[in-house]
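K.L.:
Residue numbers for the sequence shown follow the working numbering, beginning at 521 and rising by one.
Heads up, the beta-carbon is just placed ideally off N, CA and C, and yes, glycines get one too.
One structure coming up, written as structure tokens, with questions to follow.
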Amino acid sequence: MDAFFASVEQLTRPTLRGRPVLVGGLGGRGVVAGASYEARAFGARSAMPMHQARRLVGPAAVVLPPRGALYGHMSGQVFDALRMKVPVLEQLSLDEAFGEPAELAGAGKAEVERYCEDLRALVMAETGLVASIGAGGGKQVAKIASGLAKPNGITVVSPDAQQGLMGRLPVRKLWGVGPVAEEKLRRLGIETIEALASLPDADVVSVLGATVGPGLQRLARGIDDRPVAERADAKQVSAESTYAQDIVTMGELRRAIEASAAAAHRRLDRDGRAARTVVLKLRKADMSIVTRSLTLQYATTDLQILTATALRQAIDPLELGPVRLVGVSFGSLTVASQGSLFPELDQGVPEMEDDGTAEDRSYLPAAGGETRWVPGLDVSHPEYGHGWVQGAGHGVVTVRFETRSTGPGPSRTFDDTNCDLVAADVVDSLM
């Protein structure tokens, strides 16, 4: 999928179409999770510090927090569409997968191109999103070809063109060559895939090891017979957030745990299984990590029970020290779940500190945040319908009322304490 996160934002918020959109953390430690092609034209890219990306793009940048539930929903639609034609998909992430259609065995380049164009048209018709497709005689070539196809294109690498294409590419393009391996090869003067393919076997083992080296060299030589297969079920689902300001109170930590547990629960719900084990992960300001886990007597999908189990493991930051990252994982996953005999005991949570946090926390952007209406939040109004917060402060909130089907919508400003706005389901922006 092309610039998946940013493309979903532009699809559901038509005002953003054609504009440089950055999706990611908004605080000082935030990183870019996704960048539209309009933003990439300025040099912004995924995994870049958000402050650097904003500086590159300039005042035209539109910065939004991720809407993970919406991306997961759209990912399901994309792969459901693809499975209409390709029953077996090996999904790598929310927006990328391998397919190996039996009908293309032995097909010529023109036939493969037509097939890929039909797939792209199907995804567009079902989801409104753009996909780029690469095709070749193995996973490695197909993955490289898909990168060359972006944006909004198809690249088919026929067997007779495979070595010519791959040989001149940087060795880092090989799937499995990371920065460490790249540096080791560079010291030997090996900078292209062709140079790695030509390296004596003994040298490959010496530099990259007997386990990894031969496999990478086989790929460099165009030998890739790995089959496409559905991936095994995940052993756990998790969610974590890094906060712009360190968490220093128990009240802040509890809210952060609740937010991570809710995000992990959405993934658990999509997974279709129940969890027995709840793991709490805390990264301190000094970058050390503390993890704690509890295992229930039964597997459950109940959000309150799972959240309460995570909260029971919290350590007061006054005792532990400032916390910069909070994560919650659900493990010991199983298809069958059992209800609790005494849910009121499972849901027991220590009383909250009297720190003014009784307000509906669905409006709060992060632990300790004071802004009720944060930019990017999905909201609904009884008269104007679904919208999203463009800005808030000084007693007012500005909302753009639009969804996927409306086209660019009107912007309206309200008193932030008396406005009939409520937080809305992100999926409603697809209407």
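If we ignore side chains and look at the alpha-carbon of each, how far apart do Gln-756 and Thr-933 end up?
P.N.:
In the sequence shown, counting from the first residue as 1, residue 756 sits at position 236. In the sequence shown, counting from the first residue as 1, residue 933 sits at position 413. The alpha-carbon atoms of Gln-756 and Thr-933 are separated by roughly 43 Å.
K.L.:
Indicate whether Pro-930 and Val-909 have their beta-carbon atoms separated by less than 9 Å.
P.N.:
Reading the sequence shown from its first residue, position 410 is the one you call residue 930. Reading the sequence shown from its first residue, position 389 is the one you call residue 909. For Pro-930 and Val-909, no; Cβs fall outside 9 Å.
K.L.:
What do you get for Leu-838, buried or exposed, if any count of 16 or more other CB atoms within 10 angstroms of its CB means buried?
P.N.:
Here residue 838 corresponds to residue number 318 of the sequence shown, with the count starting at 1. By the 10 Å Cβ count, Leu-838 comes out exposed.
K.L.:
Do Ser-949 and Leu-590 count as a contact pair if the criterion is CB distance below 9 Å?
P.N.:
Translated into the one-based positions of the sequence shown, residue 590 becomes position 70. Translated into the one-based positions of the sequence shown, residue 949 becomes position 429. A contact, by the Cβ cut-off of 9 Å.
K.L.:
DSSP puts Pro-569 in a beta bridge; with which residues?
P.N.:
Residue mapping note: residue 569 aligns to position 49 of the sequence shown, counting from 1. Looking at the DSSP assignment, Pro-569 forms a beta bridge with Val-551.
K.L.:
Compare the Cα-Cα distances from Gly-563 to each of Leu-546, Ala-581 and Gly-547 and report the closest residue.
P.N.:
Taking the first residue of the sequence shown as 1, we reach residue 563 at position 43. Nearest C-alpha to Gly-563: Ala-581.
K.L.:
My assumption, with CB atoms under 8 Å, is that Gly-915 sits in contact with Asp-935. Please give the rounded CB distance.
P.N.:
Here residue 915 is taken as the residue at index 395 of the sequence shown, counted from 1. Here residue 935 is taken as the residue at index 415 of the sequence shown, counted from 1. At roughly 7 Å, the Cβ-Cβ gap stays under 8 Å, so Gly-915 and Asp-935 are in contact.
K.L.:
Between the Cα of Thr-712 and those of Val-732, Gly-735, Gln-683 and Gly-729, spot the shortest distance and give me the residue it belongs to.
P.N.:
The residue you call residue 712 lines up with position 192 of the sequence shown. When only C-alpha atoms are compared, the closest one is Gln-683.
K.L.:
Would you decide whether Thr-811 is buried or exposed? Buried here means 16 or more other CB atoms lie within 10 Å of its CB.
P.N.:
Locating residue 811 in the sequence shown gives position 291, where the first residue counts as 1. So Thr-811 counts as exposed.
K.L.:
With DSSP collapsed to three states, give me the class of Glu-850.
P.N.:
Within the sequence shown, residue 850 is the residue found at index 330, counting from 1. Reading off the sequence shown, one finds Phe at residue 850, where the question assumed Glu. Note: Phe-850 maps to strand in three-state DSSP.
K.L.:
Would you kindly work out how many angstroms separate the C-alpha atoms of Arg-741 and Asp-721, rounded to a whole number?
P.N.:
On the sequence shown, position 221 is the one that residue 741 refers to. On the sequence shown, position 201 is the one that residue 721 refers to. Straight-line Cα distance between these residues: approximately 12 Å.
K.L.:
Judging by CA-CA distance, which residue of Asp-600, Leu-614 and Gly-735 is the nearest neighbour of Val-608?
P.N.:
Sequence index remark: in the sequence shown, residue 608 carries index 88 (1-based). Nearest option by C-alpha distance: Asp-600.
K.L.:
Counting only runs of 3+ residues fully inside the stretch 726-782, write out the beta strand (DSSP E) ranges in chain order.
P.N.:
The stretch 726-782 contains these whole beta strand (DSSP E) runs: 757-767.
K.L.:
Return the residue from the list Tyr-904, Gly-911 and Asp-898 that minimises the CA-CA distance to Glu-529.
P.N.:
Position 9 of the sequence shown holds residue 529. Closest option to Glu-529, Cα to Cα, is Asp-898.
K.L.:
Candidates Val-552, Glu-558 and Leu-576: which alpha carbon is nearest Ala-567's?
P.N.:
Within the sequence shown, the letter at position 47 stands for residue 567. The option with the nearest alpha carbon to Ala-567 is Val-552.
K.L.:
What separation, rounded to the nearest whole angstrom, lies between the Cα atoms of Leu-576 and Ser-556?
P.N.:
As a working mapping, residue 576 is identified with position 56 in the sequence shown. As a working mapping, residue 556 is identified with position 36 in the sequence shown. Rounded to the nearest angstrom, the two C-alpha atoms are 13 Å apart.
K.L.:
Under a Cβ-count criterion, where at least 16 other Cβ atoms within 10 Å of its own Cβ denotes burial, should Trp-695 be classed as buried or exposed?
P.N.:
For the purposes of this step, residue 695 is taken as the residue at position 175 of the sequence shown. Exposed: under 16 other Cβ atoms inside 10 Å.
K.L.:
Alpha carbon to alpha carbon, how far is Leu-865 from Gly-841?
P.N.:
Your numbering for residue 865 matches position 345 in the sequence shown. Your numbering for residue 841 matches position 321 in the sequence shown. Caution applies to Leu-865, whose pLDDT of 35 falls short of 50 and renders its modelled position unreliable; the model cannot decide the point.
K.L.:
Report buried or exposed for Gly-628, applying the criterion of at least 16 other Cβ atoms within 10 angstroms of its Cβ.
P.N.:
Within the sequence shown, residue 628 is the residue found at index 108, counting from 1. It counts as exposed.
K.L.:
Under a three-way DSSP split, which group does Val-697 fall into?
P.N.:
What you label residue 697 is simply residue 177 of the sequence shown in a count that begins at 1. Here Val-697 sits in coil by DSSP.
K.L.:
Assuming Gln-660 and Asp-744 form a contact by the criterion Cβ under 8 Å, report the distance between their Cβ atoms to the nearest whole angstrom.
P.N.:
As a first step, residue 660 is located in the sequence shown; it is residue number 140 there, counting from the start. As a first step, residue 744 is located in the sequence shown; it is residue number 224 there, counting from the start. Indeed they touch by this definition, with Cβ atoms about 5 Å apart.
K.L.:
So Thr-762 and Gly-545 are supposed to be a Cβ contact under 8 Å. How far apart are they, rounded?
P.N.:
As a first step, residue 762 must be located in the sequence shown, where it is residue number 242. As a first step, residue 545 must be located in the sequence shown, where it is residue number 25. Confirmed, about 7 Å.
K.L.:
For Ala-779, count neighbouring Cβ atoms within 10 angstroms of its own Cβ and tell me buried if that reaches 16, exposed if not.
P.N.:
Stepping through the sequence shown from its first residue, residue 779 is reached at position 259. Ala-779 should be labelled buried.
K.L.:
DSSP on Leu-831, reduced to helix/strand/coil?
P.N.:
Position 311 of the sequence shown holds residue 831. Reduced to three states, the DSSP call for Leu-831 is helix.
K.L.:
Report all residues from its chain with a CB closer than 7 Å to the CB of Pro-540; omit the five preceding and five following residues, and keep chain order.
P.N.:
The residue labelled residue 540 in the question sits at position 20 within the sequence shown. Cβ within range, chain order: Ser-556, Glu-558, Ala-559, Phe-562, Val-577, Ala-580, Ala-581 and Val-582.
K.L.:
Name the DSSP bridge partner or partners of Pro-842?
P.N.:
Your numbering for residue 842 matches position 322 in the sequence shown. Beta-bridge pairing links Pro-842 to no other residue.
K.L.:
Taking only three categories from DSSP, how would you classify Ala-952?
P.N.:
No information on residue 952 is available, as it lies outside the stretch 521 to 951 that the chain covers here.
K.L.:
Identify the residues that DSSP records as bridge partners of Ser-931: which are they?
P.N.:
Stepping through the sequence shown from its first residue, residue 931 is reached at position 411. Arg-920, per the DSSP bridge assignment.
K.L.:
Between Ser-527, Trp-893, Pro-671 and Glu-702, which has its C-alpha nearest Ala-912's C-alpha?
P.N.:
On the sequence shown, position 392 is the one that residue 912 refers to. Nearest of Ser-527, Trp-893, Pro-671 and Glu-702 to Ala-912, Cα basis: Trp-893.
K.L.:
Determine the direct distance from the alpha carbon of Thr-821 to that of Asp-615, and round the result to whole angstroms.
P.N.:
For the purposes of this step, residue 615 is taken as the residue at position 95 of the sequence shown. For the purposes of this step, residue 821 is taken as the residue at position 301 of the sequence shown. For Asp-615 and Thr-821, the distance between alpha carbons rounds to 26 Å.
K.L.:
Going by CA-CA distance only, name the one from Leu-612, Arg-603, Gln-611 and Val-697 that's closest to Pro-621.
P.N.:
Walking along the sequence shown from the start, residue 621 turns up at place 101. Taking only the C-alpha atoms, the option nearest Pro-621 is Arg-603.
K.L.:
Looking only at its own chain, which residues have a Cβ that is under 8 Å from the Cβ of Phe-506, when we skip the five neighbours before and after it?
P.N.:
Past the boundaries of the shown model lies residue 506; the chain is included only from 521 to 951, so the question cannot be answered.
K.L.:
Taking 9 Å as the threshold (C-beta atoms), are Leu-542 and Arg-574 in contact?
P.N.:
As a position in the sequence shown, residue 574 is number 54, starting the count at 1. As a position in the sequence shown, residue 542 is number 22, starting the count at 1. Result yes, Cβ atoms of Arg-574 and Leu-542 sit closer than 9 Å.
K.L.:
Alpha carbons only, please: which of Thr-769, Asp-791 and Gln-765 is nearest the one belonging to Ser-758?
P.N.:
Locating residue 758 in the sequence shown gives position 238, where the first residue counts as 1. Residue Asp-791 is the option with its Cα nearest to Ser-758.
K.L.:
Quick one: residues in its chain with C-beta nearer than 6 Å to the C-beta of Val-725, no 5 flanking neighbours on either side, listed in chain order?
P.N.:
As a first step, residue 725 must be located in the sequence shown, where it is residue number 205. Only Gly-733 meet the Cβ criterion.
K.L.:
What are the partner residues of His-901, as DSSP defines its beta bridges?
P.N.:
Taking the sequence shown and counting its residues from 1, one reaches residue 901 at position 381. The partner list for His-901 (beta bridge, DSSP) reads Gly-905.
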